[in-house]
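Take a look at the structure below.
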Amino acid sequence: MGILFKQYLSGDKIYTCSQCKTHCTEHSQLISKAFQGRHGRAYLFSDVVNITVGPREDRMLITGLHTVADIYCITCNSVLGWKYEVAYEESQKYKEGKFILEKAKVMKEGSW
Amino acid sequence: MGPPQPHEPQLHNGEQQRGLLGPRGLIDRVEYIRVLEQALRMLGYEEVAAALEAASGVEQQPPVAAAFRSAVLAGEYDAALRLLPAVAADGRVADRARFLLLRAKYIELMEAGATAAALQVLRSELQPLHVQQQVLHSLAALLLRSPAAASNGSASPDSAGAAGSTSTARVEQLAKARAALLEELQDSLLPSLLIPERRLEELVEQALLAQLESCAYFNSRATHLSLFTDFQVGAEQLPTQPGQVLEEHSSEVWSIAFSRDGLWAASASKDGSAVLWSVTPSGRFESPRVLLKQPVPCQLVAFSPDSSLLLAASMDCSVRLHDVATGKQLRQFLVADPDAGAAASAAAGGGAGLGAAAGAAAAAGSAGSAAAGAAAGSTVMALSWFPDSRRFLVATHRGLAVFDAQQAGSAPLRRLPCAHSYVYDALVGPGGGCIISVGQDKRIALTRLSDLRVEVIPESGPVTSIHLSPCGRFLTANLSDSLVHVWQLPDGLVRSAGAAGGTFAAAAALPHAPPAANGAAGGGSALAGGSARDPFDALPTAPAHELRMAGAKPSRYVLRSCVGGAASGFVAGGAEDCRLYIWSRRTGELLECLGCHSGCINATAWHPTNPWLLASASDDGTIRTWLAPAALRP
Numbered sequence: 029m030g031i032l033f034k035q036y037l038s039g040d041k042i043y044t045c046s047q048c049k050t051h052c053t054e055h056s057q058l059i060s061k062a063f064q065g066r067h068g069r070a071y072l073f074s075d076v077v078n079i080t081v082g083p084r085e086d087r088m089l090i091t092g093l094h095t096v097a098d099i100y101c102i103t104c105n106s107v108l109g110w111k112y113e114v115a116y117e118e119s120q121k122y123k124e125g126k127f128i129l130e131k132a133k134v135m136k137e138g139s140w
Numbered sequence: 162m163g164p165p166q167p168h169e170p171q172l173h174n175g176e177q178q179r180g181l182l183g184p185r186g187l188i189d190r191v192e193y194i195r196v197l198e199q200a201l202r203m204l205g206y207e208e209v210a211a212a213l214e215a216a217s218g219v220e221q222q223p224p225v226a227a228a229f230r231s232a233v234l235a236g237e238y239d240a241a242l243r244l245l246p247a248v249a250a251d252g253r254v255a256d257r258a259r260f261l262l263l264r265a266k267y268i269e270l271m272e273a274g275a276t277a278a279a280l281q282v283l284r285s286e287l288q289p290l291h292v293q294q295q296v297l298h299s300l301a302a303l304l305l306r307s308p309a310a311a312s313n314g315s316a317s318p319d320s321a322g323a324a325g326s327t328s329t330a331r332v333e334q335l336a337k338a339r340a341a342l343l344e345e346l347q348d349s350l351l352p353s354l355l356i357p358e359r360r361l362e363e364l365v366e367q368a369l370l371a372q373l374e375s376c377a378y379f380n381s382r383a384t385h386l387s388l389f390t391d392f393q394v395g396a397e398q399l400p401t402q403p404g405q406v407l408e409e410h411s412s413e414v415w416s417i418a419f420s421r422d423g424l425w426a427a428s429a430s431k432d433g434s435a436v437l438w439s440v441t442p443s444g445r446f447e448s449p450r451v452l453l454k455q456p457v458p459c460q461l462v463a464f465s466p467d468s469s470l471l472l473a474a475s476m477d478c479s480v481r482l483h484d485v486a487t488g489k490q491l492r493q494f495l496v497a498d499p500d501a502g503a504a505a506s507a508a509a510g511g512g513a514g515l516g517a518a519a520g521a522a523a524a525a526g527s528a529g530s531a532a533a534g535a536a537a538g539s540t541v542m543a544l545s546w547f548p549d550s551r552r553f554l555v556a557t558h559r560g561l562a563v564f565d566a567q568q569a570g571s572a573p574l575r576r577l578p579c580a581h582s583y584v585y586d587a588l589v590g591p592g593g594g595c596i597i598s599v600g601q602d603k604r605i606a607l608t609r610l611s612d613l614r615v616e617v618i619p620e621s622g623p624v625t626s627i628h629l630s631p632c633g634r635f636l637t638a639n640l641s642d643s644l645v646h647v648w649q650l651p652d653g654l655v656r657s658a659g660a661a662g663g664t665f666a667a668a669a670a671l672p673h674a675p676p677a678a679n680g681a682a683g684g685g686s687a688l689a690g691g692s693a694r695d696p697f698d699a700l701p702t703a704p705a706h707e708l709r710m711a712g713a714k715p716s717r718y719v720l721r722s723c724v725g726g727a728a729s730g731f732v733a734g735g736a737e738d739c740r741l742y743i744w745s746r747r748t749g750e751l752l753e754c755l756g757c758h759s760g761c762i763n764a765t766a767w768h769p770t771n772p773w774l775l776a777s778a779s780d781d782g783t784i785r786t787w788l789a790p791a792a793l794r795p
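So the protein sequences, as listed, match chains A and B. Quick note: the first sequence uses my numbering, first residue 29, plus one each step. Quick note: the second sequence uses my numbering, first residue 162, plus one each step.
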């Protein structure tokens, strides 16, 4: 559908989608590595590109109730993780607007 | 303006009566009468003007100003110089006027052949004025050149030379030169003494232009405006009526373009073909010809500025050159990056046929490169022609390269240094001396070819595509969240001509901004010590307008918008909500939102010579033309 606009990142350490190698985010955007996703370890990033955000839904996670939206790679449409839209506990408010990428769904590219 | 209504009772002749005229009380009665008298004299009705002066008791100008004016026009510079203190504003300004008069006197004497008298003027009258030495030297140098070339940089307009011209031509030339001098002197004189020439016509034209500017819908080639009513036009001049639905393509259409002469249109589609149409003056697309049919999608088409050649870029990293009149393919270029270039060109060198070469390049690309970045780096992101219709710019992800259309092969003429790590779009300015590019760093970069100076304009988000209006003043940048930013570039920026021909080493002369109206203005500014301003120093920092479409949701696709219409007055863009948006370029307001497509609109193009025709290309496989209701009226 049209020419897909794929953004490219120009840092040294880049995380890409594991299936189609589209750039997702950079190491400088990493906030925390101590998260759990559906398939194991997951990382919290402040900004991710080349994704589409799905519909919002309420989910009960380890840390409590949150409103999240799944994020999909724009090229291959695979689920990469989710985005925190609303956090209902004060201690979890720092996550709002940030993205979780599951470690199993991303690959590292660049000079690590 | 209605008939003048004096607010005071009528006074007898001979007394100057002050009063305010006009519905808003803005016009001074005495000035109004003086301007009318000047207009009557301009029209040739000298007796009527004299009668008005006698009846109203208001003279057009004091006798000293009239004498000054006639002295300048008659070429009696000594008389004019004597009268100068009475009409000039103040000391420094009067000095400039004195310089202009003496220079005109010097040049006229020189062109008439009286070199001794001219030298006398130079030594005794110009020298004591304390002008810059450079100026004196340039004036003296005029003597050394032949009389035919003497008019270079002087107050007189371009002339064929005094020698050999008849006396009537000479008289005409002198009259024009003196009228130009008078206009120049106007800056130094008190306007209340000597009314600027043609003042009433100037005021009326300003009012007409203001009416045009305030009308957002003005989109017509005709420029006749009536003085009797205010100019008003509605949406009937905008292309809002659906015209043809062209279904030549079987899949998404990604690009559409008109040739500069307006006779051809071309489109590129995901089904791998590029189709060429001829466009009739009434705006119909006819006789489609399929130019190429490849298994890989065709992304971009670009017409050469002389409308004789067409380039089509396909996703197998190849660019094909076609002749527009016959539709035949002339040449094929393989676009490769500097790093992947060795492998690709070695493989392609062996292939003879088009299909074989494309297949070999694709195979070499995928096999030779480890990361996906290298293969993606060869995708053609932008195609843009230089004004000489011979060289064109190809932008891949990794860089910009200039190719020669007449040389086959995959070796570019020159690779340009790129301000971005990844390039998303690029284009060549209409003058050929400047390249505008956007990339992953969220900035618009302008590169001047003559000295490779790069200036950047920061943008608020990643820019997916850019488009420049034909006049070169307005740049639209599509951002990835359904926004279009309109940037107004300084005059002379993209019009600057680069180094001509094949060599890029020589630095081209910078255009002076604003361009000098005549040589005298250039000389005058030298006297004042002004220097030419580089347009690259005056880049805008914020977009002139920010235009929203589809509620500013993030868009996934590369959408192309365009600037067009009469005087580049409109911006048209398509969005993912399948609607075509038309904004006013002057005010930024949304004028129309048209919905007929059933797929995301990828590209729009406004016809360059017919402001009532617009074309849009969409993911539903159709190209729709839009006509203005004014064009459909019989």
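Glycine included, each C-beta is placed from N, C-alpha and C at the ideal position. Because the structure is a prediction, the values reported are computed rather than measured.
Note down the Cα distance separating residue i from residue j, rounded to an integer number of angstroms.
i      : j      : result
B/L461 : B/S545 : 10 Å
A/S46  : A/S60  : 20 Å
B/R243 : B/A330 : 29 Å
A/I90  : A/G65  : 10 Å
B/Y238 : B/R259 : 10 Å
A/L37  : B/C739 : 30 Å
B/R492 : B/G560 : 22 Å
B/Q393 : B/T786 : 26 Å
B/W773 : B/L399 : 6 Å
B/V282 : B/E208 : 39 Å
B/L138 : B/V496 : Since the first residue of chain B shown is 162 and the last is 795, residue 138 of chain B is not available in this structure.
B/S468 : B/R551 : 12 Å
B/V555 : B/L607 : 16 Å
B/S692 : B/L613 : No answer about B/S692 holds up, because its pLDDT of 38 lies below 50 and its placement is not dependable.
B/L270 : B/A277 : 9 Å
B/S630 : B/L636 : 6 Å
A/A132 : A/K49  : 13 Å
B/E620 : B/R604 : 5 Å
B/L342 : B/A543 : 49 Å
Please list, in chain order, the chain A residues whose beta carbon lies closer than 7 Å to that of residue i.
i      : result
B/R796 : No answer is possible for residue 796 of chain B: it lies beyond the span of chain B, which begins at 162 and ends at 795.
Would you mind telling me which residues of chain A sit closer than 8 Å to residue i, beta carbon to beta carbon, in chain order?
i      : result
B/T625 : F33
B/S857 : This structure does not reach residue 857 of chain B, given that chain B is present from 162 up to 795, and the question cannot be answered.
Do we get a CB-CB distance below 8 Å when we pair residue i with the residues of chain D?
i     : result
A/T53 : The structure shown contains no chain D; its protein chains are A and B.
Looking at C-alpha atoms only, which residue of the options is the closest neighbour of residue i?
i      : options                           : result
B/A733 : B/L775, B/P696 and B/T748         : B/L775
B/A147 : B/S285, B/Y267 and B/V440         : In this structure chain B extends from 162 to 795, so residue 147 of chain B is not present and cannot be described.
B/V451 : B/Q649, B/V485, B/G653 and B/F419 : B/V485
B/R481 : B/V719, B/M542, B/A566 and B/H410 : B/A566
B/A265 : B/Q293, B/R185, B/R253 and B/L346 : B/L346
B/R575 : B/Y583, B/V563, B/D586 and B/P631 : B/V563
A/W140 : A/L32, A/I31 and A/I42            : A/I42
A/I128 : A/D40, A/V77 and A/I31            : A/V77
With 16 as the cutoff for other CB atoms within 10 Å, does residue i come out buried or exposed?
i      : result
A/F73  : buried
B/S443 : exposed
B/V406 : exposed
B/W415 : buried
B/C632 : exposed
B/T487 : exposed
B/T783 : buried
A/E117 : exposed
Residue i versus chain A: which residues are under 9 Å apart at the beta carbon?
i      : result
B/W415 : G30 and I31
B/N771 : Residues of chain A passing the Cβ test: none, with the nearest at roughly 27 Å.
B/Y742 : Under the 9 Å cutoff, chain A gives no residues; its nearest Cβ is about 16 Å from B/Y742.
B/H558 : Y36
Run down chain B in chain order and give the residues with a C-beta less than 8 Å from the C-beta of residue i.
i     : result
A/L72 : Within 8 Å Cβ-Cβ: nothing; A/L72 doesn't reach chain B, min ~21 Å.
A/L37 : Q601
Which residues of chain B have a Cβ atom closer than 9 Å to the Cβ of residue i, listed in chain order?
i      : result
A/T80  : P715 and R717
A/I102 : R717
So residue i and residue j are in contact, right, with Cβ under 8 Å, and what is the actual spacing, rounded?
i      : j      : result
B/A429 : B/L437 : Not a contact, Cβ separation roughly 11 Å.
A/T44  : A/H55  : That belief does not hold up - the Cβ atoms of A/T44 and A/H55 are roughly 12 Å apart, past 8 Å.
B/G735 : B/L751 : Not confirmed; about 14 Å, so no contact.
B/Q455 : B/S475 : 5 Å
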